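*Asks:* Throughout the sequence shown, residue numbering follows the numbering used here, covering 28 to 173 in sequence. Take this structure first; my questions come after.
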Amino acid sequence: MLIERYSVDTFITGGALGGDTVAFFVVENLKIRYPCIKNIIAIPFKNQPNKWNDIDRERYRRMLNLADELVHVDALDRYKISKIEKDIYNIRKLQVRNRYMVDCSNYVIAIYNGNCKGGTYNCIQYAKKQNKTIITLNPITLREEK
């Protein structure tokens with residue numbers, strides 16, 4: 028486990044549906060055993076959950092309330108996209124949010140099915156270029172793949 032093996036004390040997720048949500052709540056549960064760890068959400072834009080169903084929006088609100096820190100990535104100068112309004116949806120903001128998470132990390136944990144396209148693939152490629160240690164989890168078993 029990263030917490031014990033590498034003294035990792037901060038985890039950042041993107042607040043998206045699926046793997047991000049699972050990872051966030053796994054870290055929340057780990058805080059019972061490791062109260063010193065921080066659980067941060069990197070929010071790509073304020074209106075991220077607007078098109079989600081009611082259950083997913085409520086789960087997202089719960090995550091925001093539980094998080095130790097919220098980072099509004101599109102408000103950070105280094106991660107602003109020129110000519111794109113703050114807080115408003117733009118597909119590029121999802122990639123920028125991923126870049127922010129990689130830039131702030133020594134280790135990247137990816138729930139990845141091997142598909143050579145999409146956000147997770149792009150994030151892994153960026154992490155490789157940044158020489159980050161990448162830990163890939165099988166999306167079915169959530170076990171590390173070598």
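For every residue, glycine included, the Cβ atom is placed at its ideal position computed from N, Cα and C. Everything numeric in this text was worked out from a predicted model, so none of it was measured.
Taking the alpha carbon of Thr37 as the reference point, which residue from Ser132, Ile118 and Lys156 has its own alpha carbon closest?
*Replies:* As a position in the sequence shown, residue 37 is number 10, starting the count at 1. Of Ser132, Ile118 and Lys156, the residue nearest in Cα terms is Ser132.
*Asks:* Exposed or buried, which one is Ile162 when buried takes at least 16 other CB atoms within 10 Å?
*Replies:* In the sequence shown, counting from the first residue as 1, residue 162 sits at position 135. The residue is exposed, with fewer than 16 neighbouring Cβ atoms inside 10 Å.
*Asks:* Between the alpha carbons of Tyr127 and Leu44, how many angstroms are there, rounded?
*Replies:* The residue given as residue 127 occupies position 100 in the sequence shown. The residue given as residue 44 occupies position 17 in the sequence shown. Those two C-alpha atoms are separated by around 18 Å.
*Asks:* The ligand GDP and Asn149: does the residue's C-beta get closer than 7 Å to at least one heavy atom of that ligand?
*Replies:* This structure simply doesn't include the ligand GDP, nor any ligand for that matter.
*Asks:* For Ile59, which three-state DSSP category applies?
*Replies:* Along the sequence shown, read from residue 1 onward, the residue named residue 59 stands at position 32. In the structure shown, Ile59 sits in a helix (DSSP, three-state: H, G or I).
*Asks:* Once the 5 residues before and after Val123 are set aside, which same chain residues still bring their CB inside 8 Å of it?
*Replies:* As a position in the sequence shown, residue 123 is number 96, starting the count at 1. Cβ within range, chain order: Pro71, Val100, Asp101, Tyr106 and Ile108.
*Asks:* Out of Tyr134, Arg84 and Ile111, point me to the one whose CA is closest to Lys159's CA.
*Replies:* Looking up residue 159 in the sequence shown gives position 132. If we check each option's Cα against that of Lys159, Tyr134 comes out closest.
*Asks:* Would you tell me roughly how many angstroms separate the C-alpha atoms of Thr147 and Pro166, rounded to the nearest one?
*Replies:* Counting from one through the sequence shown, the residue named residue 147 turns up at place 120. Counting from one through the sequence shown, the residue named residue 166 turns up at place 139. Spanning the two alpha carbons is a distance of roughly 12 Å.
*Asks:* Could you check what DSSP says for Phe38 in three-state terms: helix, strand or coil?
*Replies:* Position 11 of the sequence shown, counting from 1, holds the residue named residue 38. It is a strand residue.
*Asks:* Let me check understanding here. Comparing Cα to Cα, which of Gly41, Val53 and Ile64 lies closest to Glu31?
*Replies:* Your numbering for residue 31 matches position 4 in the sequence shown. Checked all of Gly41, Val53 and Ile64; the closest Cα to Glu31 is Ile64.
*Asks:* I need the DSSP call for Ala50, collapsed to helix, strand or coil.
*Replies:* Looking up residue 50 in the sequence shown gives position 23. Three-state DSSP puts Ala50 in a helix.
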